[in-house]
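The block underneath contains the structure these notes are about, expressed in structure tokens.
Chains as they are written, first to last, in my numbering: chain A, 123 to 369; chain B, 161 to 510.
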């Protein structure tokens with residue numbers, strides 16, 4: 123089994139605040155990897171470092187063996203690594219199908235492709251994926267008018283449309299009602315097994331992450347605290363202390 | 161829209177019959193189509209892509225000057241010609257005139273488009289109001305620089321070759337400007353039906369997300385601006401020749417009149433729509449001409465009131481307002497079950 127993402131010794135600070143210090147971790151191919159940690163522990167910073175939103179201070183980040191820490195966001199996205207946002211981000215004045223269409227992979231897009239129309243099979247795929255997340259009946263609606271939960275599902279479908287190799291999800295279930303969460307967990311698992319997409323998930327909801335992930339990393343105060351299977355993490359005294367604030 | 165063909169028919173009829181029925185207003189009609197080109201090209205960036213440029217007039221002026229330089233430079237020593245500021249009568253044969261005009265217009269379009277690539281490379285790092293001010297700076301600087309360039313007559317400007325024959329060319333330039341407006345419209349109609357429109361709409365809605373999805377945002381932005389510049393370059397070339405005399409501040413780079421008008425017209429008609437800029441341009445031009453004629457002395461006040469009313473009460477513009485009012489006519493679906501809530505969603509996902 124190979125590692126999709128390999129982070130070694132990554133540090134990042136904003137001025138005097140050290141957000142990540144000497145963080146190392148691996149995301150194995152074809153698996154679901156979870157990342158947990160109390161608020162302010164540097165999870166989103168690590169995400170942003172991996173997908174290229176900001177330069178890192180030191181360390182190395184590899185994607186399929188290729189060093190990516192000096193690449194820009196678009197270049198990394200075109201390699202096949204995609205992220206969704208904690209605050210859902212969609213193209214709010216376009217309808218759902220349009221949101222999906224523009225999310226096709228841009229890996230090999232040539233100059234002339236800019237002026238082409240979408241072939242019917244692409245539209246079909248867009249509608250199929252909207253059906254997959256349960257938004258088919260809403261496909262012609264302006265996406266900005268959808269509820270927050272629906273927008274999250276749309277963002278997830280857009281990510282699938284992009285055919286990524288790895289998908290980084292920043293709190294996919296935040297702000298979604300509990301019943302819908304089960305449906306979403308199911309969709310995430312199916313994306314992993316049916317579409318073969320490696321997942322790397324930040325999640326606050328312990329029930330979700332324990333249910334979903336094959337192995338879990340825990341960050342605290344910007345440092346990697348623990349790593350193991352969900353069971354091991356749940357029973358790790360240092361993790362419990364980090365969450366409950368023991369000293 | 162069901163009345164689409166009616167709209168095409170009316171526009172064509174107006175374009176053809178207007179100057180025939182009212183020949184005295186022919187130059188006014190030419191300027192009207194120029195305004196349509198202005199607002200259509202502004203809307204590519206400002207409306208569809210969310211980049212409010214205040215400096216698009218730059219490409220108009222560049223087109224005007226490049227065309228003039230080619231027209232004169234083909235047959236005369238440009239510096240000597242410009243030094244006399246047109247006081248020396250030079251005679252262009254009809255063949256020279258039309259060859260120069262054709263080559264000049266083509267060069268103007270290409271140079272303007274290339275300059276859009278160059279300046280795009282610099283100013284696309286700016287977002288929001290900074291982009292607007294940055295582009296305005298480019299246009300103002302260009303006017304000042306042209307004014308200091310003696311080869312093209314400096315601040316005194318230069319006159320262009322006269323239209324051959326007895327006619328002053330008004331009808332000729334009317335036809336060209338009308339054709340340009342139609343071509344711009346048809347090109348944009350084609351462009352907005354391709355994935356280009358979705359990409360620039362995505363940049364408008366959330367550029368960071370678009371980058372995160374791997375869209376080549378810089379490529380789209382550069383091409384979008386080049387397209388604007390291409391048509392603006394042609395319009396500048398034509399307008400310069402129609403006027404017969406060009407100078408940097410009032411004719412070629414009028415940032416506070418034409419440069420701002422193009423923004424206002426697109427806002428008035430409804431930015432981000434295909435027909436909005438056209439309707440806005442026509443309405444704006446008519447209002448402007450009427451106030452200039454009947455409210456002389458108060459015309460700028462009237463224009464100011466129009467701008468304030470537009471921006472404060474009517475931000476989405478005429479077509480935008482119509483889309484809100486009758487979405488089904490524009491092919492926009494609205495959820496009829498109000499409160500499209502997560503409960504239904506839960507059902508769907510289960």
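Virtual Cβ for every residue (Gly too), placed ideally from N, Cα, C.
Just to confirm my understanding: we take residue i, look at its own chain, exclude 5 residues before and 5 after, and list those with CB closer than 6 Å. What are they?
i	result
residue 402 of chain B	333
residue 500 of chain B	Residue confidence for residue 500 of chain B is low, a pLDDT of 44 falling below 50, so the modelled location carries little weight; the figure read from the coordinates is stated next. Cβ within range, chain order: n/a, list empty.
residue 232 of chain B	238, 241
residue 294 of chain B	283, 286
residue 270 of chain A	297
residue 380 of chain B	359, 360
residue 336 of chain B	398
Secondary structure at residue i, three-state DSSP: helix, strand or coil?
i	result
residue 510 of chain B	Confidence in residue 510 of chain B is poor, its pLDDT being 44 and thus under 50, which makes the residue's placement unreliable; the coordinate value appears in the next sentence. In the structure shown, residue 510 of chain B sits in coil (DSSP, three-state: anything other than H, G, I, E or B).
residue 190 of chain A	coil
residue 301 of chain A	helix
residue 312 of chain A	helix
residue 141 of chain A	strand
residue 126 of chain A	strand
residue 200 of chain A	helix
residue 485 of chain B	helix
residue 219 of chain A	helix
residue 81 of chain A	Since the first residue shown for chain A is 123 and the last is 369, residue 81 of chain A is missing from the structure and cannot be characterised.
residue 243 of chain A	helix
residue 341 of chain A	strand
residue 446 of chain B	helix
residue 204 of chain B	helix
residue 228 of chain A	coil
residue 308 of chain B	coil
residue 410 of chain B	helix
residue 433 of chain B	coil
residue 367 of chain B	helix
residue 361 of chain A	helix
residue 187 of chain B	helix
residue 493 of chain B	strand
residue 155 of chain A	strand
residue 385 of chain A	Missing from the structure shown is residue 385 of chain A; chain A here goes from 123 to 369 and no further.
residue 287 of chain B	coil
residue 335 of chain A	coil
residue 211 of chain A	coil
residue 351 of chain A	coil
residue 181 of chain A	strand
residue 415 of chain B	coil
residue 319 of chain A	coil
residue 211 of chain B	coil
residue 135 of chain A	strand
I'd like to check one pair, residue j with residue i: are the Cβ atoms closer than 8 Å?
i	j	result
residue 330 of chain B	residue 187 of chain B	yes
residue 323 of chain A	residue 156 of chain A	yes
residue 296 of chain B	residue 424 of chain B	no
residue 334 of chain A	residue 172 of chain A	no
residue 146 of chain A	residue 342 of chain A	no
residue 176 of chain A	residue 376 of chain B	no
residue 321 of chain A	residue 310 of chain A	yes
residue 321 of chain B	residue 260 of chain B	yes
residue 218 of chain A	residue 251 of chain A	no
residue 388 of chain B	residue 205 of chain B	yes
residue 271 of chain B	residue 197 of chain B	no
residue 277 of chain A	residue 210 of chain A	yes
residue 127 of chain A	residue 153 of chain A	no
residue 200 of chain A	residue 374 of chain B	yes
Return yes when the C-beta of residue i is under 7 Å from any heavy atom of the ligand HEM, and no when it is not.
i	result
residue 490 of chain B	This structure lacks the ligand HEM, and indeed carries no ligand of any kind.
Residues in its own chain within less than 8 Å of residue i by CB, not counting five upstream and five downstream?
i	result
residue 413 of chain B	217, 218, 220, 221, 299, 300, 302, 303, 306, 419
residue 245 of chain A	219, 223
residue 349 of chain B	434
Please work out which residues of its chain come closer than 7 Å, Cβ to Cβ, to residue i, disregarding the five sequence neighbours upstream and downstream, and give them in chain order.
i	result
residue 296 of chain A	208, 326
residue 233 of chain A	none
residue 361 of chain B	208
residue 158 of chain A	325, 331, 338, 340
residue 397 of chain B	223, 224, 227, 264, 265, 268
residue 493 of chain B	none
residue 467 of chain B	424
residue 258 of chain A	249, 252
Residue i touches chain C at which residues, Cβ-Cβ below 8 Å?
i	result
residue 348 of chain A	Structure shown: chain C not included; protein chains present are A and B.
Write down the C-beta distance between residue i and residue j rounded to the nearest angstrom, noting that I regard them as a contact closer than 8 Å.
i	j	result
residue 182 of chain A	residue 131 of chain A	7 Å
residue 319 of chain A	residue 287 of chain A	7 Å
residue 142 of chain A	residue 167 of chain A	5 Å
Next item on the list: Just list the alpha helix (DSSP H) runs in the stretch 219-252 of chain B, keeping only unbroken ones of 4 residues or longer that don't cross its boundaries, in chain order.
Entry: 238-243
Next item on the list: Mind listing, in chain order, the continuous alpha helix (DSSP H) runs of no fewer than 4 residues lying wholly within the stretch 241-285 of chain A?
Entry: 242-254, 270-283
Check: Counting only runs that start and end within the stretch 324-397 of chain B, where is the alpha helix (DSSP H) found for 4 or more residues in a row?
Finding: 330-351, 355-372
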